[in-house]
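Residue numbering for the sequence shown follows full-length UniProt numbering, beginning at 1 and increasing consecutively. C-beta: ideal position from N, C-alpha, C; glycine also.
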Amino acid sequence: MVTTVRPSEFEEIRPGVKAPAKETILTPRFYTTDFEEMAKMDLSANEEELKAILAEFKEDYNRHHFVRNADFDQSWDHIDGETRRLFVEFLERSCTAEFSGFLLYKELGRRLKDTNPLLAECFLLMSRDEARHAGFLNKALSDFNLTLDLGFLTKSRKYTFFKPKFIFYATYLSEKIGYWRYITIYRHLEQHPESRIYPIFKFFENWCQDENRHGDFFDAILKAQPSFLNDWKAKLWCRFFLLSVFATMYLNDLQRSDFYASIGLDARSYDKHVIEKTNNTAARVFPVIIDVDNPAFYESLEICVSNCEQLRAIDETNAIAPVKFLRKLPLYLSNMTQFIKLYFIKPIEVEKQQGCVC
Ligand SMILES: [Fe+2]
Ligand SMILES: [Fe+2]
């Protein structure tokens with residue numbers, strides 16, 4: 001491969017090793033949970049489906065997929081300036097998100113090995129997939145003369161504790177939204193190969209099938225636990241998780257619309273498509289979904305997008321911290337108000353018997 005050494009425009013912890021991006025409310029999270037509660041879960045209500053999913057995981061369809069081919073053997077120095085910065089950021093965020101899945105699933109596989117072997121085996125096989133995804137992305141970063149120190153990331157990141165029920169809502173949605181994100185980019189570039197400026201996107205078709213299978217696993221787990229789906233609390237929490245996932249993605253992606261433009265996508269249309277698809281997919285298991293066609297939904301999100309732009313602009317000024325805080329306060333309050341408004345948009349009740357294995 002032809003590479004030239006160039007001064008890095010990124011902060012490094014060692015030469016060639018990128019300093020992890022600063023953690024904010026919008027960066028990918030690392031999770032931990034109550035392993036004992038998870039070990040005690042009774043899966044008998046949907047054990048057959050879970051066994052079928054385990055058999056699929058064992059097939060390991062993507063065993064030979066994540067191998068770098070000749071397409072990568074060239075210099076990527078022509079991707080430069082702002083596009084290069086956005087590309088590196090995209091690869092880092094994706095790698096961090098995949099790696100966070102790997103860590104959680106690996107730990108669950110290890111801790112549940114003796115107490116809940118069916119779950120443990122599924123988690124271990126999913127951690128195998130996530131390790132491949134994270135590794136492939138980290139290797140892609142090396143095309144831009146950088147890598148992430150995943151060991152350092154493991155030790156340095158804060159872990160968010162979620163009870164098992166919330167882990168399942170969150171991971172179900174993140175797998176399904178991941179599927180829709182990858183497949184949408186893949187299909188777009190299939191139609192517009194001239195925008196495929198880097199070969200990793202060619203791998204997204206098989207890759208997203210891993211995420212889809214992972215999502216199906218969490219779908220099956222949720223159906224094995226009717227109490228996670230069939231009461232008023234479940235409806236409130238499902239709304240909360242759907243909204244949080246959609247709002248986080250929208251704010252993140254619109255902030256990086258130049259990245260999507262570099263591969264010929266309009267970030268707004270892309271996100272709206274992914275949100276609609278993920279919302280419809282969630283109706284297969286969640287008791288409620290969000291009414292994303294209600295004009296109030298995107299109106300509120302757009303106000304948050306503009307607030308976040310102003311927050312970043314304030315951050316870039318030379319004002320002292322207390323002054324910055326006072327300027328930011330009304331914007332934080334506005335974001336909170338918009339989130340509450342979003343939460344109170346009447347949801348769509350899913351017309352089916354929840355809690356049944358169907
Ligand atoms: Fe993944
Ligand atoms: Fe996954």
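- In this structure, the straight-line span from the alpha carbon of residue 238 to that of residue 350 is close to 12 Å.
- Proximity to ligand 1 was defined by a C-beta distance below 5 Å to any of its heavy atoms, and the residues meeting it, in sequence along the chain, are 98, 130, 133.
- Relative to residue 340, the option among 236, 268, 212, 275 whose CA is nearest is 236.
- Relative to the non-hydrogen atoms of ligand 2, the Cβ of residue 336 never comes closer than 7 Å to any of them.
- Taking 7 Å as the cut-off, the C-beta of residue 77 does not count as close to any heavy atom of ligand 2.
- Distances from the CA of residue 281 to each of 176, 29, 132 were compared; the closest alpha carbon is that of 176.
- When the five nearest sequence neighbours on each side are left out, the beta carbons in the same chain lying within less than 7 Å of the beta carbon of residue 307 are those of 331, 334, 335, in order along the chain.
- Assignment of beta-bridge partners to residue 128 by DSSP yields no partner.
- Remark: the shortest separation between the CB of residue 60 and any heavy atom of ligand 2 does not fall under 7 Å.
- Counting only runs of 4 or more residues that sit fully inside the stretch 234-311, the alpha helix (DSSP H) segments are 257-262, 267-282, in chain order.
- Considered as a whole, the stretch 71-118 harbours 81-111 as its complete alpha helix (DSSP H) runs of no fewer than 4 residues, in chain order.
- Between the C-alpha atoms of residue 59 and residue 325 there is a straight-line separation of about 53 Å.
- By the 16-neighbour rule on beta-carbons within 10 angstroms, residue 232 is exposed.
- Sequence-distant Cβ neighbours of residue 121 in its own chain, meaning closer than 7 Å and more than five residues away, are 54.
- Runs of the beta strand (DSSP E) lying entirely within the stretch 173-225 and spanning at least 3 residues: none are present.
- Within the model, the alpha-carbon separation for residue 284 versus residue 206 is close to 23 Å.
- In the three-state reduction of the DSSP assignment, residue 14 falls in the strand class, which pools E and B.
- In the three-state reduction of the DSSP assignment, residue 150 falls in the helix class, which pools H, G and I.
- In the displayed model, residue 171 falls within a helix according to three-state DSSP.
- Contact between the stretch 156-170 and the stretch 25-40 is established, with three or more Cβ pairs separated by less than 8 Å.
- Your pair residue 212 and residue 179 checks out as a contact, with CB atoms roughly 4 Å apart and the cut at 8 Å.
- The three-state reading of DSSP puts residue 37 in helix, counting H, G and I together.
- Residue environment analysis places residue 63 among the exposed positions, since fewer than 16 neighbouring C-beta atoms fall within 10 angstroms of its C-beta.
- In its own chain, leaving out the 5 sequence neighbours on each side, no residue places its CB closer than 7 Å to the CB of residue 80.
- Put simply, of 198, 230, 111 the residue whose alpha carbon is nearest the alpha carbon of residue 77 is 198.
- Per the coordinates, the alpha-carbon of residue 133 lies some 8 Å from the alpha-carbon of residue 99.
- The DSSP-derived three-state label of residue 349 is strand.
- In terms of Cα proximity to residue 39, the closest of 342, 163, 316 is 163.
- Of the candidates 305, 124, 246, 305 places its Cα closest to the Cα of residue 254.
- Within 10 angstroms of the beta-carbon of residue 290 lie 16 or more other beta-carbons, which makes it buried.
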